[in-house]
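In terms of the numbering used here, the sequence shown opens at residue 4 and continues consecutively. No residue lacks a Cβ here, since even glycine has one placed at the ideal position from N, Cα and C. These numbers come from a predicted model, not from an experiment.
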Amino acid sequence: MSAAYPFSAIVGLADLRLALVLNAVSPAVGGVLVRGEKGTAKSTMVRALAGQLPEVAVVPGCRFSCDPASPDGQCPDGPHDPAIAGTARAARLVELPVGASEDRLAGSLDIERALTEGVKAYEPGLLAAAHRGVLYVDEVNLLHDHLVDLLLDAAAMGTSHVEREGVSVRHAARFLLVGTMNPEEGELRPQLLDRFGLTVEVAASREPRERAEVVRRRLAYEADPDAFAARWAHEDADLAERILRARTLLADVLLPDAELERIARVCASFEVDGMRADLVTARTSIALAAWHGRTEVTAEDVRQAALLALPHRRRRNPFDAPGLDEEHLDEALRDPEPEPEPEPEPEPEGDGPDGGGSPPPDADGSDGSDGSGNAARAPERTEAAPTSAPGTEDAPVEGAPTASGGGREQAAVAAAEPYRTRLFAVPGVGQGAAGRRSRARTASGRTTGSQVAAGRVARLHVAATVRAAALHQKARGRTGAGLLLRRADLREAVREGREGNLVLFVVDASGSMAARKRMRAVKGAVLSLLLDAYQRRDKVGLVTFRGADASLVLPPTSSVEIGAARLAALPTGGRTPVGAGLLRAHETLRVERLRDPLRRPLVVVVTDGRATGGRDALGESRRAARLLAATGAASLVVDCESGPVRLGLAARLAGDLGGPVVTLDELAADGLAGLVRDVRSVA
């Protein structure tokens with residue numbers, strides 16, 4: 004086995020290096036979330052960290068890595084004999100794959116042995132293996148929400164609980180948690196972001212010399228891993244020794260009241276929710292002081308800690324990018340200036356104007372003074388701000404094409420404020436990835452039935468198992484009180500929950516949509532549906548059509564943030580090739596079915612239905628709609644037509660697609676009733 008890539012040999016990534024080291028010094032900091040583009044050595048850096056951690060002493064034979072100096076009193080492999088000498092081993096790096104199950108993460112009881120042999124057999128999971136080491140989750144944003152919740156709960160409490168069929172198992176699970184993610188593939192929910200102690204944004208260097216050095220070292224490692232590791236062994240050993248010294252010093256570091264108040268002031272200034280930010284910033288400041296060999300936290304420690312602990316906690320909605328305004332941070336870090344003491348008011352020298360006193364008051368009771376001893380000046384006249392003429396909101400923007408589709412391309416119009424939309428679900432029962440939109444058979448949810456178990460039993464249906472075995476008790480010669488079970492008797496629970504879908508937006512960006520108020524409303528509606536897709540854990544895609552063709556602006560992805568950004572920059576203008584947009588959607592779904600066959604699509608067409616651009620534009624759009632409907636994809640048409648005269652072309656398009664049509668006003672959650680039933684009734 005070749006040597007791991009040395010931690011000290013990694014070029015750049017100073018913030019990530021510091022965040023990982025601080026967690027190694029003080030695991031109470033709460034882990035690191037690494038965000039960045041692909042190919043930036045995120046995984047290499049995390050895997051190299053394990054080699055810098057001090058060795059751990061463990062009880063021999065304990066599957067839960069108990070410390071012989073203070074073994075876990077509730078360890079499933081205990082109680083441990085205090086006289087047994089411990090053995091030293093390297094800290095483990097445990098990787099959690101994206102497709103892992105809850106049983107693989109937390110461990111599981113062997114239900115089959117429990118029923119057939121009466122043995123409470125427990126098989127530890129990855130949380131037990133990571134105890135006193137590093138748990139690394141690559142692409143943590145793609146992990147199922149319930150697994151992320153379970154993972155972060157264990158990291159926060161330091162214990163893992165497994166409850167099943169009336170049997171409870173608990174064991175210690177204290178580890179350094181590191182998650183990496185590419186934001187282009189989707190974000191974590193803000194509630195989950197907050198559970199990570201620190202976050203770091205990484206990007207590849209744009210400096211040619213530094214990039215060349217990265218390639219040079221990587222090629223040298225691939226040519227001879229052992230020789231390359233030996234070359235950097237001294238630097239890695241020094242780093243490991245420094246981490247150990249900082250751990251020893253940690254308990255002696257003092258956090259002065261002045262710096263604690265500075266931390267509270269900074270967190271309050273950035274309006275972060277809850278108190279976790281204050282605690283993490285304080286712990287990180289203490290770890291920084293210990294790392295630098297000091298026994299007292301300084302203002303610079305607080306500043307560095309805030310840069311690592313606060314950016315991801317500033318994110319309030321899914322379209323906000325994590326970040327921190329450093330000028331605002333420096334302002335919040337400054338010590339508040341003491342308030343000046345008020346000067347005593349001078350006593351009057353007389354009783355009136357003749358006596359040198361105050362001037363007579365005006366008719367309204369004021370003295371005409373501005374408070375400085377001078378008469379207040381009359382307010383200067385200002386020109387009134389020009390107001391828009393009535394009806395200009397509906398007027399086309401400058402150079403706008405006519406409704407027939409002529410004219411030149413328009414600049415992007417800002418979207419209206421998003422709002423909560425109604426639930427539009429795909430009909431039937433799917434088997435896709437867990438989410439919150441359409442009905443599906445999932446690993447979690449309410450039990451709706453049972454099936455014959457195939458392979459290892461993960462979700463035993465006890466009642467169905469007992470019923471299946473009861474029919475054979477006499478034939479099996481049962482004489483006692485126990486139930487005689489066979490492997491064929493075991494039944495697995497069938498559960499129904501919700502799945503995430505692929506929501507493919509097909510948006511009309513033609514000249515007929517160019518009226519400023521209409522395009523603003525359309526973008527607001529699509530933004531609202533994007534927000535709904537984020538909350539329901541869907542994948543999203545964006546097709547736009549205008550001029551002579553259609554474009555796949557956003558290939559299907561879990562990142563609704565990118566969808567919102569592409570929508571914001573969407574210009575309008577030209578003719579309305581509805582048929583081209585639907586054909587592009589058809590091709591996009593065909594390719595996506597090959598990649599993710601279980602994820603069912605919902606096509607949302609946003610248009611007024613006025614197909615232009617050819618001799619038979621309307622006929623082309625109807626044929627394309629029927630072709631898309633033949634694939635079985637559920638659809639929804641959002642009718643953007645406005646004005647006193649309406650042609651109803653969007654409703655005709657919806658009929659060809661086999662789905663319902665709604666107006667922009669009916670999208671909101673308080674719109675017309677019955678829309679969810681309409682979408683679900685699509686064949």
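Start-to-end residues for the alpha helix (DSSP H) that takes in residue i
i: M48; result: 45-52
i: Q434; result: Note, Q434: premise wrong, no alpha helix (DSSP H); not H, not E.
i: S638; result: Run containing S638: none in the alpha helix (DSSP H); it sits in the beta strand (DSSP E), 637-642.
i: P228; result: 228-234
i: V305; result: 302-312
i: L605; result: Counting along the chain, L605 falls outside any alpha helix (DSSP H), though it belongs to the beta strand (DSSP E) covering 604-610.
i: V512; result: The amino acid occupying residue 512 in the given sequence is Ala; Val does not appear at that position. Neither: A512 is in no alpha helix (DSSP H) and is coded neither H nor E.
i: H475; result: That residue, H475, is in no alpha helix (DSSP H); it is neither H nor E in DSSP.
i: Q194; result: 193-196
Distance between residue j and residue i (C-alpha atoms, nearest Å)
i: R265; j: R192; result: 29 Å
i: E420; j: L573; result: 16 Å
i: V510; j: P430; result: 23 Å
i: H295; j: A249; result: 8 Å
i: L656; j: N26; result: 57 Å
i: Q55; j: A243; result: 5 Å
i: P1; j: A94; result: A query on residue 1 cannot be resolved here, the shown segment of the chain reaching from 4 to 686 and no further.
i: D281; j: D197; result: 12 Å
i: R268; j: D156; result: 28 Å
i: T666; j: F199; result: 41 Å
i: S73; j: S29; result: 19 Å
i: P399; j: D642; result: Summary for P399: the model assigns pLDDT 42, below 50, so the residue's position carries little reliability, and this model does not support an answer.
i: G438; j: A496; result: 19 Å
i: V14; j: R245; result: 20 Å
i: A91; j: A60; result: 4 Å
i: R462; j: F178; result: 28 Å
i: V599; j: Y537; result: According to the sequence displayed, residue 599 carries Asp and not Val. Their Cα atoms are separated by approximately 18 Å.
i: V37; j: L639; result: 38 Å
i: A628; j: G584; result: 10 Å
i: V529; j: L201; result: 33 Å
i: G616; j: F548; result: 11 Å
i: W235; j: A6; result: 11 Å
Bridge partners - residue i, DSSP secondary structure assignment
i: K542; result: L505
i: D552; result: R549
i: T162; result: A175
i: L586; result: DSSP output for L586 lists no bridge partner at all.
i: Y139; result: E98, V181
i: Y125; result: L112
i: E213; result: DSSP, once it has assigned bridges, lists no residue as partnering E213.
i: T560; result: V543
Chain D within 8 Å of residue i, Cβ atoms only
i: R596; result: Here there is only one protein chain, and chain D is not present.
Neighbour-count burial assignment, residue i, 16 or more Cβ in a 10 Å radius
i: E623; result: buried
i: K542; result: buried
i: P604; result: buried
i: K477; result: exposed
i: L507; result: buried
i: L689; result: The question about residue 689 has no answer, for the chain in this structure spans 4 to 686.
i: R613; result: buried
i: E590; result: exposed
i: P559; result: buried
i: H134; result: buried
i: R651; result: One detail in the question is off: residue 651 reads as Gly in this sequence, not Arg. With fewer than 16 Cβ atoms within 10 Å of its Cβ, G651 is classed as exposed.
i: S561; result: buried
i: G102; result: exposed
i: L601; result: exposed
i: L565; result: Checking the displayed sequence, the identity of residue 565 turns out to be Ile instead of Leu. Buried: at least 16 other Cβ atoms inside 10 Å.
i: K41; result: exposed
i: D333; result: exposed
Inter-residue CB distance, residue i and residue j (contact presumed, cutoff 8 Å)
i: A551; j: R578; result: 7 Å
i: A12; j: R220; result: 6 Å
i: L532; j: V607; result: 6 Å
i: L150; j: E105; result: 6 Å
i: T298; j: D255; result: 5 Å
i: V137; j: L52; result: 6 Å
i: V305; j: S288; result: 5 Å
Start-to-end residues for the beta strand (DSSP E) that takes in residue i
i: T202; result: 201-205
i: T666; result: 664-666
i: T90; result: 90-92
i: G39; result: 35-39
i: V61; result: 59-61
beta-carbon residue i near the ligand PLP non-hydrogen atom, thresh 7 Å
i: R618; result: Absence of the ligand PLP is noted for the structure shown, with no ligands found whatsoever.
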